[in-house]
Amino acid sequence: MNKLYLGDNLDILRNIKDESVDLICTDPPFNSGSENMDYLSVSATKNEEFTNIWTWDKTAEDARVDIEERSASCKIYKALNKCLSGYDMMLSNAVTGNKGAMRAYLTFMGPRLVEMYRVLSKSGSIYLHSDPTASHYIKVLMDAIWNHNNRKKSSSFKNEIVWYYRSPSRASKKYRKMHDIILFYTKTENYVFDTPKPIYENQLYIRDKVKDLIDKKPIRSQDDKGKFKRIRTRIDDAFLRDVWDDIGNLPLMVAERLGYPTQKPSLLYTRMIETSSKEGDMVLDPFSGCGTTLDAAQALKRKWIGIDSSIVAMDVIEHRLKDKYDLKLSEDYEIVGIPTNLKEVQELATQETKQKILSNWAATRLNLAPTKNADNNSDATLWSLRDKKREDVRIVVEVKVGKPSPDQVRQLQKFIENDTADIIILITLEPVTSEMHKIADNVEEFKYKGLSFPRLQFWQITDKFFEDPESIYDELKIPGKLRFKPTKKGDRLFPDIQFDSDMK
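Below, the structure written as structure tokens:
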């Protein structure tokens, strides 16, 4: 069965069998680091904030020590350790004040690349998407890992593919950024490679891009054998070159766009999957994001595994697979790492490191999407309704473990007092006290479009929710409809987030 995993992809990769994956297509985080590890982020961070996210801290130091220890008994880790040792010397004082950002990022990526290499089958390939500010560092890491046996003739690196697209960015004292890099490596010389197809022959393109124009513009003509006639243009042979300029970035209003900030076009990953795998092959994306690789794999009848550390990504993928392919969770695919009953919720609650997962899971059950932090001095996240007409409603959601207390409610009132939130939802596993209800009743109601809503609300997670998820709507009162429903064509599963146009 196809699988989605929520959690740290390094731990999950280490539990995947050797050489069990035929193709890896992935877009690792670069502009996001610790935010991505926070089980919530959608990589909406600006480039200039990179050094504030990836830092050489204790987590990075521990990861570096782990790599060194593994190198004593593993040839691949030994090769990685030697490569990172060079980076240690080069990057430790390379840029004043960068706090080891690039060094920390490469320490993060190194062991994950080792595990990706391990799980690739002998005929397998990998396409790794990066932006030009990091791709050269990553390429050196991959060279060290893919050629750890010190073969005289290196043959695992195949192409540095340039994905060219138009960008609305305005350059200041530099040229405009209009391309990303995709590194193409294979495990051995015995790898799958079917000649790529031109865009106008791609069934996904015909389905999603051309069918709406049939009445306005004729589709490319075909000969008597049903083959498309070749019309030579500037980009007509892009599918044969290592510069792909026939697949553009996703326009803001295109139906495929989900509003996910780093979303890439499906056609980009369709080309990789069609070229480097066969029907029934296993495709892996360890940084699955909003599920573009999984979408393309499903359309092309491949098996797939997706991994992401964001509960929001899981939510978006679940909607995407339902809306496009009518896939049903637990019947057509499995999600591992998300609670499915009260016992699993309670287990998450007892693990301090996973309480953030629980909090974000609970918020997404309310059909909410994250916007930004409620304030600069709090870990609380500000959520909004996944409803275009009501996205301006600001909601703070917090899960409290253990016996709830009035002090917890009073602490949450600050978001109302400083006008950073319109509605506060406190989620508990135990009953709320009468005193807490009394505090909430004394708070002035939220007025919205002629209606009134309680500003402080409570939801206790019980077995009833898992038996009847809609029971939650009897406990909470929020503007609009909370119920999950398939999106209409063109509806976005995730709200637009403002981000620097130079980001990947």
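According to the working numbering, the sequence shown is numbered sequentially starting from 129. Glycine included, each C-beta is placed from N, C-alpha and C at the ideal position.
Legend entry - Own chain residues within Cβ distance below 6 Å of F285, not counting five before or after: Counted from its first residue, the sequence shown places residue 285 at position 157. Once the five neighbours on either side are set aside, the close Cβ partners of F285 are Y313.
Inset, instruction - Could you tell me whether the region 249-257 touches the region 144-156, where touching means 3 or more Cβ pairs closer than 8 Å? - result: Taking 8 Å as the limit for Cβ pairs, the verdict is that the region 144-156 does touch the region 249-257.
Legend entry - C-alpha gap between R294 and E519, whole angstroms: Position 166 of the sequence shown, counted from the start, is the residue given in the question as residue 294. Position 391 of the sequence shown, counted from the start, is the residue given in the question as residue 519. Taking the CA atoms as reference points, R294 sits about 29 Å from E519.
Legend entry - Close Cβ partners of G225 (< 7 Å) along its chain, the five nearest in sequence each way excluded: Along the sequence shown, read from residue 1 onward, the residue named residue 225 stands at position 97. Residue confidence is low: G225 scores 49 on pLDDT, short of 50, so the model does not pin down where it sits. Its coordinate-derived value is still stated next. Shown here for G225: not one same chain residue has a beta carbon closer than 7 Å to its own, the five before and five after excluded.
Inset, instruction - Counting only the same chain and skipping the five closest in sequence on each side, list residues whose C-beta sits under 8 Å from that of I309. - result: The count along the sequence shown starts at 1 and reaches residue 309 at position 181. By the criterion of a C-beta distance shorter than 8 Å, I309 is surrounded in its chain by H257, S258, D259, P260, S263, E288, I289, V290, W291, once the five residues flanking it on both sides are discounted.
Legend entry - Cutoff 7 Å; reference G135; Cβ partners in own chain excluding five residues on either side: Here residue 135 refers to the residue found at position 7 when the sequence shown is read from its first residue. Cβ neighbours of G135 beyond the five flanking positions: S437, G465.
Inset, instruction - Look up K431 in the DSSP assignment and give the residues it is bridged to. - result: Locating residue 431 in the sequence shown gives position 303, counting from the first residue. Looking at the DSSP assignment, K431 forms a beta bridge with M410.
Legend entry - Q585 - partner residues in DSSP beta bridges: By one-based count along the sequence shown, residue 585 stands at place 457. Bridge partners of Q585: I553.
Inset, instruction - Flag this pair as yes or no: are the beta carbons of V242 and I204 separated by less than 8 Å? - result: Start at 1 with the first residue of the sequence shown, and residue 242 comes out as number 114. Start at 1 with the first residue of the sequence shown, and residue 204 comes out as number 76. I204 is positioned such that its CB atom lies closer than 8 Å to that of V242.
Inset, instruction - Using a Cβ-Cβ cut-off of 8 Å, state whether N277 counts as contacting chain D. - result: The displayed structure is made up of one protein chain only, and chain D is not part of it.
Legend entry - Per-residue DSSP class, three states only, for L579: On the sequence shown, position 451 is the one that residue 579 refers to. Secondary structure at L579: strand, using DSSP grouped into helix, strand and coil.
Legend entry - Residue environment, Q479, which counts as buried when at least 16 other CB atoms sit within 10 Å: In the sequence shown, the residue the question calls residue 479 occupies position 351. When all chains shown are included, Q479 counts as exposed.
Inset, instruction - Between the Cα of R385 and those of L554, T398, C418, spot the shortest distance and give me the residue it belongs to. - result: Position 257 of the sequence shown, counting from 1, holds the residue named residue 385. A check of alpha carbon separations from R385 across L554, T398, C418 identifies C418 as the nearest.
Legend entry - Classification of T298 by the beta-carbon crowding that lies within 10 angstroms, buried from 16 upward: In the sequence shown, residue 298 corresponds to position 170, counting from 1. Reading the sequence as shown, one finds Arg at residue 298 and not Thr. The residue in question, R298, is exposed, as its Cβ has fewer than 16 Cβ neighbours within 10 Å.
Inset, instruction - Under 8 Å by Cβ, that's how I've got L412 and I433 pegged, so tell me the actual separation to the nearest angstrom. - result: Working through the sequence shown from its first residue, we reach residue 412 at position 284. Working through the sequence shown from its first residue, we reach residue 433 at position 305. Rounded to the nearest angstrom, the Cβ distance from L412 to I433 is 5 Å, consistent with a contact under 8 Å.
Legend entry - Secondary structure of L494, DSSP reduced to three states: The count along the sequence shown starts at 1 and reaches residue 494 at position 366. It is coil, neither helix nor strand.
Legend entry - N143 in three-state terms, based on DSSP: Residue numbering aside, residue 143 sits at position 15 when the sequence shown is read from its first letter. In this structure, N143 counts as coil in the three-state DSSP scheme.
Inset, instruction - Specify, as a first and last residue, the run of the beta strand (DSSP E) that V525 falls within. - result: For the purposes of this step, residue 525 is taken as the residue at position 397 of the sequence shown. Looking at the DSSP string, the run of the beta strand (DSSP E) that includes V525 is 523-528.
Inset, instruction - Could you tell me which residues DSSP puts in a beta bridge with Y255? - result: To locate residue 255, count along the sequence shown from 1; it is residue 127. Y255 is bridged to C153, F312.
Inset, instruction - Take L457 and list the residues in its own chain whose beta-carbon comes closer than 7 Å to its own, dropping the five residues that flank it on each side. - result: Counting from one through the sequence shown, the residue named residue 457 turns up at place 329. E446, I463, listed in sequence order.
Inset, instruction - Check whether the region 584-602 touches the region 542-555, taking contact to mean three or more Cβ pairs, one atom from each stretch, closer than 8 Å. - result: Enough Cβ pairs lie closer than 8 Å, so yes.
Inset, instruction - Give the single residue among R522, K516, A568 whose Cα lies nearest to the Cα of Q536. - result: Here the question's residue 536 lines up with position 408 in the sequence shown. Minimum Cα distance to Q536 is reached at A568.
Legend entry - Where L486 falls: helix, strand or coil (DSSP): In the sequence shown, the residue the question calls residue 486 occupies position 358. Reduced to three states, the DSSP call for L486 is helix.
Legend entry - Spatially closest choice to F236 from Y265, Y255, M217, by CA coordinates: In the sequence shown, counting from the first residue as 1, residue 236 sits at position 108. That would be Y265, whose Cα lies nearest to the Cα of F236.
Inset, instruction - Would you kindly check if the distance between the Cβ of I195 and the Cβ of G228 is under 8 Å? - result: On the sequence shown, position 100 is the one that residue 228 refers to. On the sequence shown, position 67 is the one that residue 195 refers to. In this structure, I195 does not lie closer than 8 Å to G228 by Cβ.
Legend entry - Pick from P157, C211, G608 that is closest to K517, judged by C-alpha positions: Position 389 of the sequence shown, counted from the first residue, corresponds to residue 517. Checked all of P157, C211, G608; the closest Cα to K517 is G608.
Legend entry - Three-way DSSP call (helix, strand, coil) for E177 in this model: Taking the sequence shown and counting its residues from 1, the one referred to as residue 177 is at position 49. Its pLDDT being 37, under 50, E177 is placed unreliably in this model, and the coordinates cannot settle the point.
Legend entry - Backbone secondary structure at I606 - three-state DSSP: As a first step, residue 606 is located in the sequence shown; it is residue number 478 there, counting from the start. Note: I606 maps to coil in three-state DSSP.
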